[in-house]
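Enquirer:
Protein chains in written order, with the numbering used here: chain L, 8 to 273; chain D, 189 to 469.
Okay, here's the thing in structure tokens:
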């Protein structure tokens, strides 16, 4: 065990940060050449907070989420999720993941898709019933619909309900609304904030929309590309709870302009 | 205005429409009838051409029969035809079941042990390129003269398309779905049963539909070589006896079975795949 890991400890505690990264680097092999996806990422995140990750394509935003979810292994550095290594957090069902594509199993009805986490990985307990969760994401009455009968927005709602089933302490969202039209995306943004307040879960949300990043996040982590590294952590001081109309106010305009200015230097 | 739309317009007028909507509705009704009737008209006209050619050119009965003679033969020799159909059905269906079972099992192994796939898939492709007619005598020598060589040939024919499609189907899982299963800590077995197997079902049925017809071909080709019974044997006997009417009736009998076999698989597919697959749908 290296020094950083020893310092962080491996036993989760209540006061441990939701996510703590120290000197994280990730590389991929591409045609016998090492490509550095992330370099020396260090930051920590308090439990219950909402962080958006913003950066140009190729800055490793998605890779960062995948390291936290134990999908990708880092080359160097330490990762702790509520004080534990990601693999433990994953096995304790503390991590919920929402992909850009809803990734529903097309042969299962909406409610059976939500129940999938109970049927694999050694019989976890659902924190809430699948029916309640479908109602929470606004899909009451659609329990038995097959994915191809749902719109893109509705499919993504099912994916969110599925990610929430085991009551995750942290929800990782990888451009979940990127493929949706603007009207649907706005509505889901507003609903996601409601869900966040209601469940109290920590959310890491990857986006390439400045407006989405500023509207949703309490903080925005700006990443620069090639190699992916932390550019700046920007606090979003907008009043809570936020409604969509906040995007028409002057402070929101100032914040977006600042994010845009930083993004241009990434 | 072309001929078809002129007919459409006249039919619509014959229905005494009072407004444009009624004209449109009548047109749609006529379109539905056309879809139903035109294939029948096509078949009937081909039968007529056949009959006319035989009658006008005075084709000798041992060269080619007239359609009505074939129809009579089908009726009069129904017992011989059915007696010979039975072994062919047994061979084709057994071969279908055995060949597809082996293909699915091997595809499962390939997907889980990449090194086995790398070692054996090229050989499988090579073996597949040998024509059935060339494989058949080898199998007859190996397996003797009973049911077994025919079943083996039918099985081998079914085996290859299913193997290739099943490997494709089992691997046609999106990387995100695999990541999802990983986040959910699913075991390899769970990924196989809950994800791979299910998403391969449309690919499997595409292969089963091909192999349903192919199994019949395999059984018939097997019967060509030193067999006393079966549709294939009857084809050979009728040919050497210059009994063209029996030959045609036998071919019709065999293809009817082939079509029914295919339709059965298609019906099964309807029952099993109610969801629309993401890419192939």
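Where is the CB? At the ideal position from N, CA and C, for every residue including glycine.
1) Using a beta-carbon distance cut-off of less than 7 Å, what residues from the segment 96-109 of chain L approach chain D?
2) Looking at C-alpha atoms only, which residue of L:233, L:182 and L:232 is the closest neighbour of residue 210 of chain L?
3) With residue 50 of chain L as the anchor, note down where its beta strand (DSSP E) starts and where it stops.
4) In three-state terms, what does DSSP make of residue 231 of chain L?
5) From the DSSP output, which residues share a beta bridge with residue 27 of chain L?
6) Mind reading off the beta-carbon distance from residue 177 of chain L to residue 208 of chain L? Whole number of angstroms is fine, and I expect it under 8 Å.
7) With a threshold of 8 Å between beta carbons, is residue 210 of chain L in contact with chain D?
8) Can you grab the Cα-Cα spacing for the pair residue 539 of chain D / residue 161 of chain L, in whole Å?
9) Have a look at the DSSP bridge pairing and note the partners of residue 242 of chain L.
10) Any idea which residues DSSP pairs residue 104 of chain L with across the strands?
11) Can you pull the chain D residues whose beta carbon is under 7 Å from the beta carbon of residue 127 of chain L, in chain order?
12) Could you tell me which whole alpha helix (DSSP H) segments of length 4 or greater appear in the segment 264-309 of chain D?
13) Would you mind working out which of D:447, D:460, D:442 and D:462 sits nearest residue 274 of chain D, comparing C-alpha positions?
14) Could you tell me which of L:154, L:216 and L:248 sits nearest to residue 198 of chain L, measuring between CA atoms?
15) Residues of chain D with CB closer than 8 Å to the CB of residue 78 of chain L, please, in chain order.
16) Have a look at residue 129 of chain L and residue 374 of chain D and give me their C-alpha separation to the nearest angstrom.
17) Got a sec? Which residues, its chain only, sit under 7 Å from residue 288 of chain D by beta carbon, not counting five neighbours each side?
18) I need the DSSP call for residue 430 of chain D, collapsed to helix, strand or coil.
19) Report, in whole angstroms, the separation of the C-beta atoms of residue 67 of chain L and residue 44 of chain L, which I expect to be a contact under 8 Å.
20) So the candidates are D:353, D:206 and D:448; which of them puts its Cα closest to the Cα of residue 298 of chain D?
21) Would you say residue 388 of chain D lies against chain L (beta-carbon separation less than 8 Å)?
22) Can you give the Cα-Cα distance for residue 93 of chain L and residue 137 of chain L, rounded to whole angstroms?
23) So which of L:165, L:261, L:80 and L:26 has the shortest CA-CA distance to residue 243 of chain L?
24) Return yes when the Cβ of residue 116 of chain L is within less than 8 Å of the Cβ of residue 153 of chain L, no when it is not.
25) Give the residues of chain D in contact with residue 114 of chain L, contact being defined as C-beta atoms less than 9 Å apart.
26) Report yes or no: is there a C-beta of chain D within less than 8 Å of the C-beta of residue 124 of chain L?
27) How long is the line joining the alpha carbons of residue 226 of chain L and residue 241 of chain L, rounded to whole angstroms?
28) Mind checking whether residue 216 of chain D and residue 108 of chain L have CB atoms under 8 Å apart?
29) Is the CB-CB distance between residue 389 of chain D and residue 461 of chain D below 8 Å?
30) Just mark residue 205 of chain L as buried or exposed, buried being the case when its beta carbon has 16 or more other beta carbons within 10 Å.
31) Report back the beta-carbon spacing between residue 421 of chain D and residue 411 of chain D to the nearest angstrom; my notes put them in contact at under 8 Å.
Expert: According to the data block:
1) Answer set for the segment 96-109 of chain L: 97, 98, 102, 104, 106 and 108.
2) Taking the first chain and counting its residues from 1, one reaches residue 210 of chain L at position 203. Out of L:233, L:182 and L:232, L:182 has the C-alpha closest to the C-alpha of residue 210 of chain L.
3) Numbered from 1 along the first chain, position 43 holds the residue referred to as residue 50 of chain L. Taken as a continuous stretch (DSSP letters only), the beta strand (DSSP E) holding residue 50 of chain L covers 40-52.
4) Within the first chain, the letter at position 224 stands for residue 231 of chain L. The three-state secondary structure of residue 231 of chain L, taken from DSSP, is strand.
5) Along the first chain, one-based indexing puts residue 27 of chain L at 20. In the DSSP assignment, residue 27 of chain L is bridged to L:51 and L:87.
6) Here residue 177 of chain L corresponds to residue number 170 of the first chain, with the count starting at 1. Here residue 208 of chain L corresponds to residue number 201 of the first chain, with the count starting at 1. Residue 177 of chain L to residue 208 of chain L, Cβ: 7 Å. Contact.
7) As a working mapping, residue 210 of chain L is identified with position 203 in the first chain. No, its Cβ sits nowhere closer than 8 Å to a Cβ of chain D.
8) With chain D running from 189 to 469 in the structure shown, residue 539 of chain D is simply not present.
9) As a first step, residue 242 of chain L is located in the first chain; it is residue number 235 there, counting from the start. DSSP lists L:226 as partners of residue 242 of chain L.
10) Numbered from its first residue, the first chain carries residue 104 of chain L at position 97. L:179, per the DSSP bridge assignment.
11) Stepping through the first chain from its first residue, residue 127 of chain L is reached at position 120. Those within 7 Å of residue 127 of chain L in chain D are 369, 372, 374, 378 and 382.
12) Listed in chain order, they are 266-300.
13) Taking the first residue of the second chain as 1, we reach residue 274 of chain D at position 86. D:442 is the residue among D:447, D:460, D:442 and D:462 whose C-alpha sits nearest the C-alpha of residue 274 of chain D.
14) As a first step, residue 198 of chain L must be located in the first chain, where it is residue number 191. It is L:248.
15) By 1-based counting over the first chain, the position of residue 78 of chain L is 71. For residue 78 of chain L, the chain D residues whose Cβ falls inside 8 Å of its Cβ are 367, 370 and 371, in order along the chain.
16) The count along the first chain starts at 1 and reaches residue 129 of chain L at position 122. The count along the second chain starts at 1 and reaches residue 374 of chain D at position 186. Roughly 8 Å separates the two Cα atoms.
17) Taking the second chain and counting its residues from 1, the one referred to as residue 288 of chain D is at position 100. Contacts found: 346, 350, 396 and 399.
18) Here residue 430 of chain D is taken as the residue at index 242 of the second chain, counted from 1. The answer is coil: DSSP assigns residue 430 of chain D none of H, G, I, E or B.
19) Here residue 67 of chain L refers to the residue found at position 60 when the first chain is read from its first residue. Here residue 44 of chain L refers to the residue found at position 37 when the first chain is read from its first residue. Contact between residue 67 of chain L and residue 44 of chain L holds: their C-beta atoms lie close to 4 Å from each other, under 8 Å.
20) By one-based count along the second chain, residue 298 of chain D stands at place 110. The shortest C-alpha separation from residue 298 of chain D is found at D:353.
21) Numbered from its first residue, the second chain carries residue 388 of chain D at position 200. It does not: the Cβ of residue 388 of chain D has no partner Cβ on chain L nearer than 8 Å.
22) One-based indexing of the first chain puts residue 93 of chain L at position 86. One-based indexing of the first chain puts residue 137 of chain L at position 130. Annotation: residue 93 of chain L to residue 137 of chain L spans about 25 Å, alpha carbon to alpha carbon.
23) Taking the first residue of the first chain as position 1, residue 243 of chain L is located at position 236. Among L:165, L:261, L:80 and L:26, the Cα nearest to that of residue 243 of chain L is on L:261.
24) Locating residue 153 of chain L in the first chain gives position 146, counting from the first residue. Locating residue 116 of chain L in the first chain gives position 109, counting from the first residue. It is a contact, given that the beta carbons lie within the stated cut-off.
25) If you number the first chain from 1, residue 114 of chain L lands on position 107. 386, 387, 389, 461, 462, 463 and 465, listed in chain order.
26) Sequence index remark: in the first chain, residue 124 of chain L carries index 117 (1-based). Residue-level contact check: residue 124 of chain L touches chain D, since one or more beta carbons of chain D fall below 8 Å from its beta carbon.
27) Stepping through the first chain from its first residue, residue 226 of chain L is reached at position 219. Stepping through the first chain from its first residue, residue 241 of chain L is reached at position 234. Approximately 6 Å between the Cα atoms of the pair.
28) Taking the second chain and counting its residues from 1, one reaches residue 216 of chain D at position 28. Taking the first chain and counting its residues from 1, one reaches residue 108 of chain L at position 101. Against a cut-off of 8 Å, the Cβ pair of residue 108 of chain L and residue 216 of chain D comes out as no contact.
29) Within the second chain, the letter at position 201 stands for residue 389 of chain D. Within the second chain, the letter at position 273 stands for residue 461 of chain D. Result yes, Cβ atoms of residue 389 of chain D and residue 461 of chain D sit closer than 8 Å.
30) Residue mapping note: residue 205 of chain L aligns to position 198 of the first chain, counting from 1. Exposed, because fewer than 16 other Cβ atoms sit within 10 Å of the Cβ of residue 205 of chain L.
31) Start at 1 with the first residue of the second chain, and residue 421 of chain D comes out as number 233. Start at 1 with the first residue of the second chain, and residue 411 of chain D comes out as number 223. Going by Cβ atoms, the distance from residue 421 of chain D to residue 411 of chain D rounds to 5 Å, so yes, they are a contact pair.
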